[in-house]
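Residue numbering for the sequence shown is 822 to 1176, as defined by this note's numbering.
Glycine is no exception: its CB is placed at the ideal position from the N, C-alpha and C atoms.
If you're wondering where the values come from, they're calculated on a predicted model, not measured in any experiment.
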Amino acid sequence: MRVAVFSTRPYSMEFLKAANASFGHELVFLEAHLNEQSAPLACGFAAVCPFVNDQLDAPVLKKLRECEVRLIALRCAGHNHVDLAAAQELGLTVMHVPMYSPYAVAEHAVALIMALNRKLCRTYNRVRDGNFSLDGLMGFDMNGCVAGIIGTGRIGAIVARILQGFGLRLLVHDLHQNPAVLALGARYVELAELYAQADIISLHCPLTPATRHLIDEQALRQMRNGVMLINTSRGALVDTHAVIEALKSGKLGYLGLDVYEEEEELFFEDLSSQVIQDDVFARLLTFHNVIVTGHQAFFTRTAMENIARTTLQNIRDFEAGCAVVNVVSLEVRKRLTGRYLRPQEGERSTKHEGH
Ligand code: NAD
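What follows is the structure, encoded as structure tokens:
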């Protein structure tokens, strides 16, 4: 099948080309992001292959349909950015890669924890400058600390297992209990208890209406002084203004982010010769106890190989008329939203009384 691959970077091309040796699709690599202006580039292609920050709203989908595109083969898990109602109306099939490597993201979350605790970025810069002073570099023993993990699905469960290996006690919160996490000795608790006791809080739940700004001023107020917060899930789980205030007051002792609310304007691009226009993001970068990575938690060789293989298999299934497994429909999304917002579960997951 002829496929227009949008937002191509050298690494995406490398893995898609290698995997395509056993699929034989005709892949045309385009550097452009998919948006209203670039959509006509898809004319003559039966499928487009967009990435996580490409634009897939109704006007873009309409243009793709006018170009006779029939398949949107996302090479990512998330589909928040796709107007599924419009896709359905236009007769476009949307497919995604639901899972590629939960280990990649879990291990990155732990890397952020370790780097923040032992101040690896500061010490790296100091030592290169011939400064071997230890002032300001003291860490803490993780053994015996309390980890608070919010969301114990595929990724959160692996984080729990790794942190248990370090000797941390596990307090966890989810709408559903995961037996594998219970088997680690973790205790499922309400958010208030998790906030009050955790030394390190790591977010592994999806972005839904119930979790948008889960970590806001009120949640931060309930946390221990000097707590560490890690977000490798979705930027909007965290109210960035609130965390900046908490960093200034010392309530938040450490912050590790792989995702940011307004990341579409920044991440995946080389902006090193430009002036960053986002003042909130720029303020975040001024704190010595903050590490930001640019949505790279997924970015391992294993994950890239899996993403490429599944994306190309999705395209093959569609071509053969047997695309079922990884199709994202409005019904699938409704089912997920329903699951997340089931009344009594929604109440339990709500961050504050009456919220
Ligand atoms: P998953 O679906 O396996 O697990 C998510 C868990 O969150 C589920 O157990 C679910 O019940 C729980 N949950 C849902 N709503 C909740 C709520 N309101 N309160 C508490 N828990 C809730 O997903 P996963 O594969 O573990 O991925 C987790 C998140 O990681 C994804 O949603 C995605 O946003 C993020 N992610 C980030 C990257 C990256 O590169 N940074 C890559 C992949 C995924």
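- Membership of F850 in the beta strand (DSSP E) is indicated by the continuous run 847–850.
- Looking at A825, T914, K884, the one whose alpha-carbon comes closest to that of F1139 is T914.
- Within its own chain, the residues whose Cβ lies closer than 6 Å to the Cβ of V1111, once the five positions on either side in sequence are excluded, are L1076, L1105, listed in chain order.
- Between the region 993–1008 and the region 945–965, the count of C-beta pairs closer than 8 Å stays below three; the two stretches do not touch.
- In the DSSP assignment, the residues bridged to V824 are L848, A868.
- Close CB contacts of H1109 within its chain, under the 7 Å cut and outside five residues either way in sequence, are with R943 (chain order).
- Here the C-alpha atom of T1061 lies approximately 15 Å from the C-alpha atom of L1087.
- For G1056 against E1090, the beta-carbon gap comes to about 16 Å, at or over 8 Å, which does not count as contact.
- Proximity of the region 1019–1037 to the region 971–986 meets the contact definition, three or more beta-carbon pairs being nearer than 8 Å.
- Between S828 and L855, the C-beta gap is smaller than 8 Å, which places the two residues in contact.
- Measuring C-alpha to C-alpha distances from L851 to each of S833, F844, A842 identifies S833 as the nearest.
- Taking the Cα positions, F866 is about 12 Å away from K884.
- With respect to I893, A879 sits apart: the two C-beta atoms are not nearer than 8 Å.
- Residue side-chain check: F987 keeps its Cβ at 7 Å or more from all non-hydrogen atoms of the ligand NAD.
- Look at G972: its beta carbon is less than 7 Å from one of the heavy atoms in the ligand NAD.
- The DSSP-derived three-state label of A894 is strand.
- Residue nearest to I1021 within the set L1092, V967, V1059 is V967 (criterion: CA-CA distance).
- When the Cα atoms are used, Q1098 and V873 turn out to be separated by approximately 22 Å.
- The alpha-carbon separation between L933 and G1047 amounts to approximately 16 Å.
- Close CB contacts of L882 within its chain, under the 7 Å cut and outside five residues either way in sequence, are with D904, A907, A908, L911, L913 (chain order).
- Judged by their CB atoms, L941 and M963 are not nearer to each other than the 8 Å cut-off.
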